[in-house]
Every structure is written in structure tokens, then in C-alpha cells.
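Visitor:
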Amino acid sequence: MLNGELWPAHPHPYRDELLSSWLVRVAHANGLKVQTFCAQEFGNDHQLWNRDIDRMAPAWLIESMSAKTGTSLKRVWETTLLGYEGKLYDKYHPAGQLRWILPLQIYHRKRRGYGLQFCSKCLAEGCEPYYRRSWRVAFYTFCPKHDVMLWDRCPSCGNGVVFHRLELGKPDLIDGSSLQCCWFCGFDLCSAPTVPVNKWNDRTFLSWSRVLRLIDRGAADSRDFDYSKLAVLHQFCALMVSMRCAPKLIAYVQEKTNQLPIPLVKRRIAFELRPLVERHHVLGLSWWLISRWPSRLRAAWKYRVVRYNVLGKDFNAAPEWYLSEVKRLFSDN
Ligand SMILES: [Zn+2]
Ligand SMILES: [Zn+2]
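The numbering of the sequence shown is the numbering used here, which starts it at 3 and goes up by one.
1) Is the CB-CB distance between residue 242 and residue 251 below 7 angstroms?
2) Please list, in chain order, all residues of the same chain as residue 7 whose beta carbon is under 8 angstroms from its beta carbon, the five residues on each side excluded.
3) What does DSSP give as the partner residues of residue 183 in its beta bridges?
4) Could you check if residue 103 is buried or exposed, using at least 16 other CB atoms within 10 Å of its CB as the buried criterion?
5) Alpha carbon to alpha carbon, how far is residue 140 from residue 4? Give it in angstroms, no decimals.
6) Would you please state the rounded distance, in angstroms, between the beta carbons of residue 194 and residue 157? I believe it to be under 8 angstroms.
7) To the nearest angstrom, report how far apart residue 213 and residue 152 are at their CA atoms.
8) Under 8 angstroms, with one C-beta from each stretch per pair, do the region 248-267 and the region 208-225 reach the 3-pair mark?
9) Identify which residue in 168, 265, 331, 211 has its Cα closest to the Cα of residue 185.
10) With a 10 Å radius around its C-beta and 16 neighbouring C-beta atoms as the bar for buried, classify residue 96 as buried or exposed.
11) Which term fits residue 13, buried or exposed, when burial requires 16 or more other beta carbons within 10 angstroms of its beta carbon?
12) Using 6 angstroms as the cut-off, classify the Cβ of residue 224 as near or not near the heavy atoms of ligand 2, replying yes or no.
13) Once the 5 residues before and after residue 324 are set aside, which same chain residues still bring their CB inside 7 angstroms of it?
14) Where do the ends of the alpha helix (DSSP H) carrying residue 313 lie?
15) Just the Cα atoms here: how many angstroms apart are residue 224 and residue 46?
16) Is the beta carbon of residue 123 within less than 6 angstroms of some heavy atom of ligand 1?
17) Cα-Cα, which of 255, 274, 258, 280 is closest to residue 264?
18) Any chance you could list the residues with Cβ under 6 angstroms from a heavy atom of ligand 2, keeping chain order?
19) Please tell me whether residue 332 and residue 237 are closer than 7 angstroms, where the distance is taken between their beta carbons.
20) Return the CA-CA distance between residue 31 and residue 122, expressed in angstroms with no decimal places.
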């Protein structure tokens with residue numbers, strides 16, 4: 003055990019930093035590999051890296067991080083995805099899909115998914131690289147600060163981002179400057195090429211960027227933003243990719259917006275499991291559909307590309323303003 007109340011080096015979390023990123027930095031600042039640090043400080047029976055600690059942070063970890071770095075408990079909890087409860091998703095649950103939260107898909111310490119995205123320009127800014135909480139959000143497909151597309155994998159080898167794995171099997175590596183390197187091939191993620199966002203509709207991208215900036219601020223309570231709009235946006239995204247529920251909807255919106263179709267994953271999988279490029283494409287179309295509410299939905303309804311019964315399908319706790327509009331559509335028919 004390291005002695006004393008505080009750890010010898012106890013950096014505080016950066017703005018919007020994820021718990022996992024912060025923990026690795028704390029270990030490195032104390033001159034240790036993260037696994038060694040965790041084993042020393044928390045004991046070997048407390049396994050951390052076989053789970054998504056940003057989503058399921060154990061209370062003992064939060065308490066230790068708070069006490070040993072002199073950071074308030076509230077601030078430590080804010081480094082987890084729990085802070086999005088009641089905003090991006092309704093109620094936190096440990097298993098299953100949380101709306102808008104990218105899953106890491108961990109099996110026996112390995113990650114198969116691409117649940118941690120990054121902006122190479124943001125990563126390269128500041129004193130040292132760190133990973134943001136907002137990069138775990140499924141509609142955060144581009145950086146509103148740099149207007150570039152995010153990456154959800156290493157551009158060199160195609161593996162997902164798993165920064166704590168960088169040290170496995172490398173006994174001497176305690177260099178804290180490693181968070182930006184791909185764990186598999188060592189590529190410097192700060193130098194990942196940047197792809198500008200194609201903002202094909204001013205209004206759509208204005209609303210979208212505004213919400214991304216709100217997420218940057220930790221999904222702060224906002225008097226002029228109603229989070230239930232994001233629940234409806236999610237429903238539109240789910241319908242857009244569903245060949246069973248609304249097979250003609252996506253083609254209709256693509257035609258209205260002059261957007262070329264892209265190949266979509268045909269299997270029935272959650273929106274959050276779809277590749278970044280697909281999510282980005284579908285999100286743009288859904289933002290467009292929700293804009294000028296409810297006239298575009300009505301037009302789609304009149305065009306018979308969306309049916310009454312699918313608009314509320316699998317949509318738990320749908321907002322009242324949405325349900326009443328859907329009912330109105332039905333009664334107009
Ligand atoms: Zn950025
Ligand atoms: Zn790589």
C-alpha cells in the first residue's frame with residue numbers, strides 16, 4: 003500500500019474525463035502500471051478491468067478515488083456514465099442496453115466492440131491526452147468543437163480503443179504519455195487523420211451541434227433543452243434502420259434530403275451497436291425528420307412511409323407531447 007491519506011501523486015479529473023482514463027493517469031502519475039497500482043491499492047480480489055467501470059463503477063472505487071485524490075464524491079461520480087441518467091436514458095440498470103450509451107462488449111477482459119470513440123484533435127490538446135465521457139454517447143458522432151468526424155477505432159490496425167491494455171505484457175512500461183497510443187499497434191491516435199463533417203442542412207446540424215455541446219458540459223440541466231426530444235430522436239433512428247417496422251422510411255427521407263444511401267447492417271441489432279458511419283448517417287436523417295415538428299413527421303405519415311402502430315413500438319416512457327401528436331395523426335386518418 004502507498005502510505006498517507008492522499009496518494010503521492012493525485013491528479014484531478016480533467017473536464018468531462020472518464021473514470022477509467024483518470025484512473026490510468028493516477029496510476030502512471032504514481033509511477034506504476036495501472037494493473038500493479040490497482041492490485042496494490044485495492045487488492046487482487048477487486049477485479050476492475052473485466053467490466054465497464056465507467057458504466058458500473060463500484061462504490062469502493064469511487065470512495066477511494068475521492069479520498070485518495072482529494073476530489074469530492076460528487077465530482078468522482080460525474081466521471082461515470084451514471085450522470086446521464088434521466089437525460090439520455092431513463093433509469094440506470096447494470097445489464098442490457100442503456101439508451102444512447104455505447105457498449106464496450108467485454109468478454110473475459112477483451113473488448114469486442116467499438117464503444118469508445120475519440121476526436122484526434124481533442125486528444126492532442128491540453129497537457130496530456132485523456133478520454134471524454136461524451137465519447138461514449140451514440141449520437142456524439144462528430145466533434146462540435148473541431149467539426150470533424152470522430153473515430154471509433156485505430157485508423158492503422160482497425161482495433162477498438164482499449165487504452166489500459168497497452169501495458170499488458172510490457173513489464174517496464176510506466177510511461178504516462180501512452181494514453182494516445184493504440185494498444186495493439188502503437189499508432190499515435192492524436193495523429194489520426196481528420197475528416198470534416200458534411201453539414202448538408204444548416205438547421206439540422208445547428209440543433210445537433212448544440213446538443214453535443216450540452217453533452218460536453220456533462221449533459222447539464224438546461225432550461226432551454228428538453229431531453230425528451232432525444233428519446234424521440236432515438237425512436238426515429240430505430241425505425242429508420244428497421245426493415246421490418248418502417249422499410250420505406252429511410253429511402254423517403256434520403257430522397258427528401260438528397261442524401262445518398264449507405265449500406266446498413268441488416269441484422270436486428272441495437273442502434274448503439276451500429277458502426278459510427280451508419281449511426282451518423284441515420285442520425286442526420288432523424289434530426290431532419292424531428293425538425294419543424296410535427297410537419298415533417300406528418301408529411302411522412304401522409305406519404306405512408308410510417309404507420310401509427312410502429313411510432314410507439316417498444317418506446318417505453320415516451321413523452322406526452324410525442325404521444326399526443328401520434329394520436330392526432332391516427333385520428334386524422
Ligand atoms: Zn475535437
Ligand atoms: Zn492500431
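Cβ atoms here follow ideal geometry from the backbone N, Cα and C, with glycine treated the same way.
Just so you know, these numbers come straight off a predicted model, no measurement behind them.
Guide: Answer, in terms of the structure:
1) Yes, the pair counts as a contact, with Cβ atoms nearer than the cut-off.
2) These residues qualify, in order along the chain: 69, 70.
3) DSSP, once it has assigned bridges, lists 190 as partnering residue 183.
4) The residue is buried, with at least 16 neighbouring Cβ atoms inside 10 Å.
5) Note that residue 4 has pLDDT 49, beneath the 50 cutoff, so the model's placement of it is unreliable and the number below is only indicative. Straight-line Cα distance between these residues: approximately 38 angstroms.
6) Confirmed, about 5 angstroms.
7) The alpha-carbon atoms of residue 213 and residue 152 are separated by roughly 16 angstroms.
8) Not touching, per the Cβ criterion.
9) Shortest Cα-Cα distance from residue 185 to any of 168, 265, 331, 211 involves 168.
10) By the C-beta density criterion, residue 96 is exposed, having fewer than 16 other C-beta atoms within 10 angstroms.
11) Residue 13 is buried by the Cβ-count criterion.
12) No; taking the cut-off as 6 angstroms, the Cβ of residue 224 has no heavy atom of ligand 2 nearer than that.
13) Excluding positions up to five away in sequence, the list reads 234.
14) That run of the alpha helix (DSSP H) goes 310-313.
15) Roughly 42 angstroms separates the two Cα atoms.
16) Set against 6 angstroms, the gap from the CB of residue 123 to the closest heavy atom of ligand 1 is smaller.
17) Nearest Cα to residue 264 within the set 255, 274, 258, 280: 280.
18) Residues with a Cβ closer than 6 angstroms to any heavy atom of ligand 2, in chain order: 156, 158, 159, 161, 184, 186, 187, 189.
19) No, Cβ-Cβ distance for residue 332 and residue 237 is not below 7 angstroms.
20) Answer to the nearest angstrom: the Cα atoms are 23 angstroms apart.
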